[in-house]
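Counted from 1, the first sequence has number 567 at position 565 by this note's numbering; the numbering is strictly sequential.
All residues carry an ideal CB built from backbone N, CA and C; glycine is no exception.
Source: prediction; values computed, not measured.
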Amino acid sequence: MKTILQMIEDELRPAFAACGYDEDLAKAVISNRPDLCEYQCNGAMAGAKRYHKAPIMIAQEVAEKIAGCPAFSKVDAVKPGFLNLTLSPEFVSGYLTQVAADERLGVDPIGAGKTMVLDYGGPNVAKPLHVGHLRAAIIGESLKRLYRYTGHTVLADIHLGDWGLQMGLIIEETHRRHPELPYFQADYSGEYPAEAPFTISDLEEIYPTASARSKEDAEFAAAAHDATVRLQQGDPGYTALFAHILRISVADLKKNYGKLNVSFDLWYGESDAQKYIPVMLERLKERNLLHESQGAMVVDVQQDTDTKEIPPCIIQKSDGASLYATTDLATLWQREQDFHPDGVLYVVDKRQDMHFTQVFRVSRLAGIIRPETSLTFLGFGTMNGRDGKPFKTREGGVMRLEHLIADIDQAVYERIMENRTVSAEEAQKIAQIVGLAALKYGDLSNQATKNYVFDVDRFISFEGNTGPYLLYTIVRIKSILRKYAETTGQAPASALRPAGDDSEKDLQLVLARVNEAITGSCLDIAPHRLCQYLYEVANAFNSFYHDHRILAEEDAERQQGWIALLSLVQKVMETGIDLLGFEAPEQM
RNA sequence: GCGUCUGUAGCUCAGUGGAUAGAGCAGUGGCCUCCGGAGCCGCGUGCGGAGGUUCGAUUCCUCUCAGACGCACCA
Numbered sequence: 003m004k005t006i007l008q009m010i011e012d013e014l015r016p017a018f019a020a021c022g023y024d025e026d027l028a029k030a031v032i033s034n035r036p037d038l039c040e041y042q043c044n045g046a047m048a049g050a051k052r053y054h055k056a057p058i059m060i061a062q063e064v065a066e067k068i069a070g071c072p073a074f075s076k077v078d079a080v081k082p083g084f085l086n087l088t089l090s091p092e093f094v095s096g097y098l099t100q101v102a103a104d105e106r107l108g109v110d111p112i113g114a115g116k117t118m119v120l121d122y123g124g125p126n127v128a129k130p131l132h133v134g135h136l137r138a139a140i141i142g143e144s145l146k147r148l149y150r151y152t153g154h155t156v157l158a159d160i161h162l163g164d165w166g167l168q169m170g171l172i173i174e175e176t177h178r179r180h181p182e183l184p185y186f187q188a189d190y191s192g193e194y195p196a197e198a199p200f201t202i203s204d205l206e207e208i209y210p211t212a213s214a215r216s217k218e219d220a221e222f223a224a225a226a227h228d229a230t231v232r233l234q235q236g237d238p239g240y241t242a243l244f245a246h247i248l249r250i251s252v253a254d255l256k257k258n259y260g261k262l263n264v265s266f267d268l269w270y271g272e273s274d275a276q277k278y279i280p281v282m283l284e285r286l287k288e289r290n291l292l293h294e295s296q297g298a299m300v301v302d303v304q305q306d307t308d309t310k311e312i313p314p315c316i317i318q319k320s321d322g323a324s325l326y327a328t329t330d331l332a333t334l335w336q337r338e339q340d341f342h343p344d345g346v347l348y349v350v351d352k353r354q355d356m357h358f359t360q361v362f363r364v365s366r367l368a369g370i371i372r373p374e375t376s377l378t379f380l381g382f383g384t385m386n387g388r389d390g391k392p393f394k395t396r397e398g399g400v401m402r403l404e405h406l407i408a409d410i411d412q413a414v415y416e417r418i419m420e421n422r423t424v425s426a427e428e429a430q431k432i433a434q435i436v437g438l439a440a441l442k443y444g445d446l447s448n449q450a451t452k453n454y455v456f457d458v459d460r461f462i463s464f465e466g467n468t469g470p471y472l473l474y475t476i477v478r479i480k481s482i483l484r485k486y487a488e489t490t491g492q493a494p495a496s497a498l499r500p501a502g503d504d505s506e507k508d509l510q511l512v513l514a515r516v517n518e519a520i521t522g523s524c525l526d527i528a529p530h531r532l533c534q535y536l537y538e539v540a541n542a543f544n545s546f547y548h549d550h551r552i553l554a555e556e557d558a559e560r561q562q563g564w565i566a567l568l569s570l571v572q573k574v575m576e577t578g579i580d581l582l583g584f585e586a587p588e589q590m
């Protein structure tokens, strides 16, 4: 379905053409002077030079041409050369009736036939999720949903950190504690136990302990290194133990991501990429890209146009081991082989900008992905505390995600209990839903690429530009529609009526932008745009609500139009928050 | 040192080559015989600084100041 801007431009284009001007001048934008008009066209000023004509003249000519157009109730050519447009109420309500009838709110499936791989996880196994994982999860999940909604086939890959020294540390520490286990018996030939020798909480303790030990105990460090190598070489006992670690961690991660309403289609890890390293290296050699530098094998990625020095990408350490870039390149190889994606999007901390610059360049040089496949790095900023420094616990440590969520839920719970008389049990459930909305909206409403201040008190506030405010608005609408259905026994009408006053018109105009908002948010990889739009919808609705007595309205036709309007507001807002990754309760 | 990013109201953040740069919070003044007042309607000092391009710059370019981050064998 066309956007309202496209529909306006459809009217403008023939008018410009009929006056002898280029159609590319017929560009419509939202008015920046709502007191004067709803939409505007600045093409006359852009064309003034081209046609050696005063812009106001051009604007006037075009205005005369489109004045009779049913889409517009008012057309003005103003001062320098603005073309000010006011849409007719019938046009707007007619458009919205179509949007309301459309399954997808008029959003075109621009991604039909396109496959996107999203990489937004990156947690390490055997380590709890902490606030550092929060942004990737929240932003990535929203983008996944936006891409799906716009018709893309999306594969979300968690890309676990499950390889390298950390695994050796855990294995060696387990060895130290339980040397009698069969995993460590060289001559063991039986089945390894089905039950893991540790729980998730054991693992969460084992890793930091082992990490600390390796720094003090050189012998232990060497043993851990050796264990890593043996695991990578496929030692059966270590492989079995590794499988336990992975299984337990993944179960725990699924649970914790689940609490965030975040899910993945693929649970691949760095370990899964290992088998693609040889073939990937072969390609680098074939293309003569690999060369030795200071003992390491590297690929030069410097380009003539660079303003800064891009160091060579290290593919193999001087001891022959692979590292971060190697794994990422091998992973890209795997993705290309398995999915032939049209795009790969990484949602990762912006401090890794250089790494992805290097990896992308190597993959282009080596043809690891097709030239037409887009490689995008969405580097998100740091989550800071109120002091503007990276977010920490009161003790100065890294905040576990579970604790953060629990704190927020508790704070929301207390507010709910203050105001409403719902049962404590009910309040708990509602607090989780509202808490998640507060957390996610607090994050997503900021530009992803910028650092932002994480302020729980502000996010969970039920006033202002917050998640809870959006939810409150939805709950309020649900309540009205519920009452309407109860008292009249009627299903909501589907046809909207032309707006009868300003606040109704304003609300309708905001709703008419829904498909642009969703599509734009996706194309710009910018969930914060959707946040802002939904906030505008909520504000417009609350103003409308304040001015109209919906359930008391005696004119049945008018009332039905309003009910249809409310249903659409609800649909837009519920769809919107779903795309952001949270939901609204029935009451709060 | 080199490079990247950021700098908008007291605070937290949006925004745009165009007409008067917007929200929220905080402050303050109104609005409940009424569908959920967790709401609505008011009240204001601001684009770090200096040049340049342009009919027009907060937006683009250069310089400059401040902060964050990054500069090969961690991920």
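Could you give the first and the last residue of the continuous alpha helix (DSSP H) run that contains residue i?
| i | result |
| --- | --- |
| cysteine 43 | Here cysteine 43 belongs to no alpha helix (DSSP H); instead the beta strand (DSSP E) covers 41–43. |
| threonine 211 | 202–218 |
| threonine 378 | Threonine 378 -> not in any alpha helix (DSSP H); beta strand (DSSP E) instead, spanning 376–382. |
| cysteine 524 | 516–525 |
| alanine 17 | 6–20 |
| leucine 509 | 504–513 |
| phenylalanine 464 | Looking at the DSSP string, phenylalanine 464 is not in any alpha helix (DSSP H), and its letter there is neither H nor E. |
| methionine 419 | 403–421 |
| alanine 102 | 91–103 |
| threonine 155 | Element bounds for threonine 155: not the alpha helix (DSSP H) but the beta strand (DSSP E), 155–159. |
| lysine 452 | From DSSP, lysine 452 is part of no alpha helix (DSSP H); its letter is neither H nor E. |
| cysteine 533 | 529–549 |
Can you say whether residue i is buried or exposed, counting buried as having 16 or more other CB atoms within 10 angstroms of its CB?
| i | result |
| --- | --- |
| glycine 437 | buried |
| isoleucine 520 | buried |
| aspartate 37 | exposed |
| arginine 147 | buried |
| arginine 353 | exposed |
| glycine 271 | buried |
| glutamate 174 | buried |
Considering only the alpha carbon of each residue, which of the options lies closest to residue i?
| i | options | result |
| --- | --- | --- |
| alanine 229 | Glu105, Glu218, Ile208, Phe244 | Phe244 |
| leucine 498 | Ala102, Met47, Val252 | Ala102 |
| threonine 201 | Gly163, Leu248, Trp564, Val346 | Leu248 |
| methionine 47 | Ala196, Pro57, Tyr53, Cys39 | Pro57 |
| isoleucine 6 | Ala514, Ile527, Ile552 | Ala514 |
| asparagine 258 | Tyr23, Leu233, Glu284, His132 | His132 |
| aspartate 12 | Ala528, Pro587, Pro72 | Pro72 |
| cysteine 39 | Phe18, Gly49, Ser90 | Ser90 |
| leucine 262 | Ala138, Phe18, Arg15, Met118 | Ala138 |
| aspartate 340 | Val350, Ile371, Val361, Ala323 | Ile371 |
| isoleucine 160 | Ile432, Gly49, Ser273, Phe186 | Ser273 |
| tyrosine 149 | Ala542, Leu568, Gly522 | Gly522 |
| glycine 322 | Cys21, Ser505, Val231 | Val231 |
| glutamate 404 | Arg179, Glu182, Gly260 | Gly260 |
Taking just the CA atoms, how far does residue j sit from residue i?
| i | j | result |
| --- | --- | --- |
| serine 95 | serine 481 | 24 angstroms |
| glutamine 305 | glutamine 430 | 56 angstroms |
| tyrosine 415 | glutamate 465 | 16 angstroms |
| threonine 395 | tyrosine 537 | 31 angstroms |
| histidine 357 | alanine 327 | 7 angstroms |
| leucine 380 | proline 343 | 17 angstroms |
| glutamate 66 | tyrosine 23 | 14 angstroms |
| leucine 441 | alanine 253 | 23 angstroms |
| glutamate 25 | proline 82 | 20 angstroms |
| threonine 378 | leucine 120 | 10 angstroms |
| isoleucine 250 | alanine 226 | 21 angstroms |
Hey, could you find the ends of the beta strand (DSSP E) residue i is sitting in?
| i | result |
| --- | --- |
| histidine 293 | 292–295 |
| valine 80 | 74–80 |
| threonine 176 | Taken as a continuous stretch (DSSP letters only), threonine 176 belongs to no beta strand (DSSP E), being part of the alpha helix (DSSP H) at 167–179. |
| tyrosine 348 | 345–351 |
| valine 64 | It is not in any beta strand (DSSP E) - valine 64 instead sits in the alpha helix (DSSP H) that spans 57–68. |
| alanine 30 | 30–32 |
| isoleucine 317 | 315–318 |
| leucine 446 | Run containing leucine 446: none in the beta strand (DSSP E); it sits in the alpha helix (DSSP H), 426–446. |
| leucine 120 | 117–121 |
| valine 301 | 298–301 |
On the premise that residue j lies in contact with residue i, defined as a C-beta separation below 8 angstroms, what is that separation, rounded to the nearest angstrom?
| i | j | result |
| --- | --- | --- |
| leucine 157 | tyrosine 209 | With a Cβ gap of about 29 angstroms, leucine 157 and tyrosine 209 do not count as contacting. |
| leucine 532 | leucine 581 | 6 angstroms |
| phenylalanine 393 | alanine 450 | Not quite, the Cβ-Cβ distance comes to about 16 angstroms (not below 8 angstroms), so this is no contact. |
| alanine 69 | valine 77 | 5 angstroms |
| leucine 473 | alanine 542 | Between alanine 542 and leucine 473 the Cβ distance is about 17 angstroms, and since that is not below 8 angstroms, they are no contact. |
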